[in-house]
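Numbering (my numbering), first residue to last: 1 to 86.
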C-alpha cells in the first residue's frame with residue numbers, strides 16, 4: 001500500500017473509477033443481452049426498442065471514456081446487422 005498522501009488518494013480514485021467503469025460495462029452487456037432476447041421473440045417493435053437502448057448505452061460508454069469509439073461502433077454495427085437480418 002502507498003505511504004504518500006497523494007499516492008493514497010490516487011489509489012482511492014483509481015478504485016472509484018474502476019467501480020464506475022465496471023458498472024457502465026455491465027449495463028452495456030446487459031442491454032446487449034436484452035437485445036438478443038428481443039430478437040429471439042421475433043417481435044420487431046420490441047427488438048427496435050432494445051436496439052435503441054443498447055445503442056444509447058454504448059454511446060454513453062464512449063462519452064464517459066469507458067469504451068473506445070471504434071469498439072462501440074463495431075458493436076453497434078453488429079447489432080444493426082442482426083436487427084436488419086430479422
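Note that the Cβ used here is the ideal one computed from N, Cα and C, for glycine as well.
Buried versus exposed call for residue i [16 or more other C-beta atoms within 10 Å across all chains shown]
i	result
residue 57	buried
residue 50	buried
residue 7	exposed
residue 14	exposed
residue 80	exposed
Contact set for residue i: own chain, Cβ-Cβ below 7 angstroms, skip 5 residues either direction
i	result
residue 28	57, 58 and 61
residue 82	39
Same chain only: Cβ atoms within 6 angstroms of residue i, ignoring 5 sequence neighbours per side
i	result
residue 55	76
residue 11	2
residue 32	54
residue 72	58 and 62
residue 21	66
Closest by C-alpha distance to residue i, when choosing among the options
i	options	result
residue 63	25, 2, 19 and 5	25
residue 66	17, 11 and 3	17
residue 36	23, 52, 68 and 69	52
residue 46	4, 78 and 86	86
residue 34	48, 5 and 74	48
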